[in-house]
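K.L.:
Have a look at this one before I ask anything.
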Amino acid sequence: MSQHYNPDQFSVEVRVEMARKLIKKHDVVMVTLHWFNALVWFFELMTGMALIASTRYTYIPSWFTDIIVGLFNGRTNLLYFHITVGVFWSGILVVYGVFGIRTYLTKFYVNDLRMDGDDFKWLVLKPLQILGYRIRLPEQGVYNAGQKVFAWVISICILLIIPTGFIMSFHLGPLWLIQWSIPMHYASVMMVVAGLIVHVYMAGLMPEERPAFFSMLHGKVNELYAYENHTKWWRQRRKDEERFLEELSQSEGWGPLPRGKPRNR
């Protein structure tokens, strides 16, 4: 049955039903790519930190460097591993980009990650809410403004990390290009690390964002979470469902579908 709900007039029963109902937010490819990237970043960060640490430039404990270097039986093998993982990661992203640009990537960047006025308001108000102020945040789409900014930062940094990594590893181009690639590579990685710290904190440690974390395991969120945190996406999804049912009803000759009335709290 297709139902029209007034977003501000849900009864307790409806909310309980929504909390139990799981709806799809991410497809298998998205979930797989997310954890593939997480695994790659773990290995690349661990090996990268050990590679640039030295007696003259100490920014991490020496015991950490000794452990990582010891696992690979020397810095040479450590460097080869770092480069190999980076090349493999780059290849997977290229394949994903080539085959996904028409089916997923265009929609992801043009529609899902497009910033609007509500997003900019969210970026201003969300820190105040975290500090304890009782503030109603603007409605958000399938991704909130923080997730959009994080995705754009990661995407831009990847476009810098991959080519500078190749230039540094294989000494491509003139000397000045190789020299400039080093700080650009490091700066881009630092930007990603800063974003990852916020991302992990928001998704993994904040109780209200826990459904978002588990959605990256099975691809689904409960409908109540979707309504409360991604209202624009939730509303559009319901409209699409109703449109589909109406078209199916007409094609099958079922006649008009009954519509439920909004329920008061």
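The sequence shown lines up with residues 1 to 265 when you count with the working numbering.
The beta-carbon is built from N, C-alpha and C at its ideal position, and this holds for glycine as well.
(1) When you compare only the Cα positions, how much space is there between M168 and N222?
(2) Along the beta strand (DSSP E) that carries I23, what are the first and last residues, could you check?
(3) Is it right to say S181 is buried, meaning 16 or more other beta carbons lie within 10 angstroms of its own, or is it exposed?
(4) Starting from V221, follow its DSSP beta bridges and name the residues at the other end.
(5) What residue range does the alpha helix (DSSP H) around T84 cover?
(6) Thinking L113 and K148 are a contact (beta carbons under 8 Å), I'd like their distance in whole angstroms, please.
(7) Which residue comes first and which comes last in the alpha helix (DSSP H) that contains S62?
(8) Let me know the secondary structure DSSP gives A145 once reduced to three states.
(9) Look up R15 in the DSSP assignment and say whether it is helix, strand or coil.
(10) Assuming A145 contacts M115 (C-beta within less than 8 Å), just tell me the rounded distance between them.
(11) I'd like the span of the alpha helix (DSSP H) that includes S181, first residue to last.
(12) Does the segment 74–88 come into contact with the segment 40–50, if we say contact requires no fewer than three beta-carbon pairs (one atom in each stretch) closer than 8 Å?
(13) List the endpoints of the continuous alpha helix (DSSP H) containing T55.
P.N.:
Let's see:
(1) 46 Å
(2) L22 to K24
(3) buried
(4) I23
(5) R75 to G100
(6) 5 Å
(7) S62 to L71
(8) helix
(9) helix
(10) 7 Å
(11) L175 to V200
(12) yes
(13) Careful: T55 lies outside any alpha helix (DSSP H) and carries neither H nor E.
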